[in-house]
Structure formats: structure tokens, C-alpha cells
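A quick write-up on the structure given underneath.
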Amino acid sequence: MTHRIVQLTDCHLFSDPAKTLRDIATWPRFTEVLEKVRRQVPDVDQLVLTGDTAHDEDLATYDAVRKELADWEGRVRIIPGNHDNRAALRTVFPDASCGPIDLVTFQVSWDDWQIIGLDSQQPGELPGSLGEEQLTWLRNLLQSAPERHTLLFLHHPPITVQSPWLDRIRLLDSTDLERLVSDHPQVVLIGCGHVHQEVVGSLGRATVLTTPSVGHPFRPRTEHIEIDSVGPAYRLWELFPDGRWSTQVMYCMSPVMK
Ligand SMILES: [Fe+2]
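Numbering that gives the first Met the number 0 puts the first residue of the sequence shown at 0, with every later residue one more than the last.
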């Protein structure tokens, strides 16, 4: 059976749906992308949000997100970005945590594949880190299922994206993650957010793919922050029983209005 996973990232929502971020109303972009997912991937197995869901980190925002995702009840997985509140996430998405205490992680397994969500937030900081405890938890998970193809999700990319201002705030312990991935060749894919644009790279033998934002998009390869004009997007991951996979980014048409 093919597993279909939709990834949404960097929604940057506010409890007030009219509020804007850099002149962009993020809530209408969120509802637009959800409508596209409903139409295009009616048989989605898991809907994964990879961080920066609530820009205001407000409990009311997470509550509103959960209501908006009611169609996918029981299939929603969520991990934090740098703009998120772990306590609020755990309150509103109580099934979101299965790993080290105080972190917000997830694991979903089938016979052939598993997806694991990692928590790279360092509270109050823009760069990310996984930390020793979480890496040990991940190592144990991978050692217990060496034959299971694995897709890891985390907010902060463990690769550079050719924009110095973003590369300074990437995953700081990417070398530790690289060593772990190299020791466990069943990790074939790593999906990230944080950079608000689509980038492809590698970590050891694993392919790393970042996904464009639902909220305000960033223009690629810039010295400083520049807002791009593309619409909101989601990424579809298709994981096949023999370990092959395919993925594509699906954009909505609405341009950024400035
Ligand atoms: Fe973000």
C-alpha cells in the first residue's frame, strides 16, 4: 500500500485571522491550501505540520487550527518550529508527543515505512538543535527497526540553502544528525520547513527536501530577508512498499498582494 503524506509548514497564523505579517494575511493562505489538499489528496494518510504554525504562539490560535483541521482528525501530526509554544501544542494536540519528556515529537509506523517527527526548537532562539537526549531516542527507534524505510521530519534544515541569513539559523547539531543517519541507512528522506522555500540537498545518503511556506514566502538566495510572490504551498510525499518514493510541491495560484 502506498502511504500518502501531506506536509504543511510555516503557516505563521494569528488568533486574529485578519492580522498580517509583512503585509501578508496568513490565515486566508492557510484555508486556501487546505481546500486544495481536500480536492487533490482526498485519501491522505497523514497530515504533518512541520513548525511555525502559530506566529503569536497563542493557545487560541492552536485551537482554531485544530478546528480547521477537523476533516483530518486522528491523522494530524505536528512538531514545533522556532515560532511555537510547546505547552500550547501539547494542550491542543495531546496525541502529538511520544518521545523525550518536554519535547513535541511523533512516530507513525507501518510494516514497510515509518515517519518520525523531531523537535528542533530551542525556546527563544531562531536556530535549532535536537540535543543528545532526543538523538539517543531516535537512535533507539532506528535500531529497533533496521528494515523499515524512514522519513524524518524536523523544522530546521540540517543543510545550507545559499542564503547567509537563513544558514546562520539552521540546525546547529546537523553533524550529529548526519552521523546518526549514516549509521542507519533506512533513513532515506528528511523533510523540513523554516526556510520558506523549496530546496533539495543531502545528509549522508539521505535526501533532504525543504517545503515552501503556507505563510509569507522567502525569495531564494538572498543576503537578507526578501518576500517572494508565490502562493501558499504544500508538499505531497508518496511512499511506496518497495522503498521507492516520490514527492512534489503543489502551489496555490494566489500571488502575494502587497
Ligand atoms: Fe517560519
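Even for Gly, the Cβ is constructed at its ideal location relative to N, Cα and C.
Item                                                                                                                                                                    : Value
Less than 7 Å between the CB of G80 and some heavy atom of ligand 1, yes or no?                                                                                         : yes
In three-state DSSP terms, what is F217?                                                                                                                                : strand
Assess contact between the segment 106-115 and the segment 143-163, defined as three or more Cβ pairs (one per stretch) separated by less than 8 Å. Is contact present? : yes
Just checking H155 against ligand 1 - is the residue's beta carbon closer than 7 Å to any of the ligand's heavy atoms?                                                  : no
I'd like the span of the beta strand (DSSP E) that includes R3, first residue to last.                                                                                  : H2 to L7
Determine, using beta-carbon pairs with one atom in the segment 235-252 and one in the segment 12-24, whether at least three such pairs fall under 8 Å.                 : no
Which residue's Cα is closest to the Cα of R3: D94, G127 and V47?                                                                                                       : V47
Nearer than 7 Å: is that true of the beta carbon of H195 relative to any heavy atom of ligand 1?                                                                        : yes
Report all residues from its chain with a CB closer than 7 Å to the CB of M0; omit the five preceding and five following residues, and keep chain order.                : P240
At 3 residues or longer, what runs of the beta strand (DSSP E) sit wholly inside the segment 93-137?                                                                    : 105-108 and 112-116
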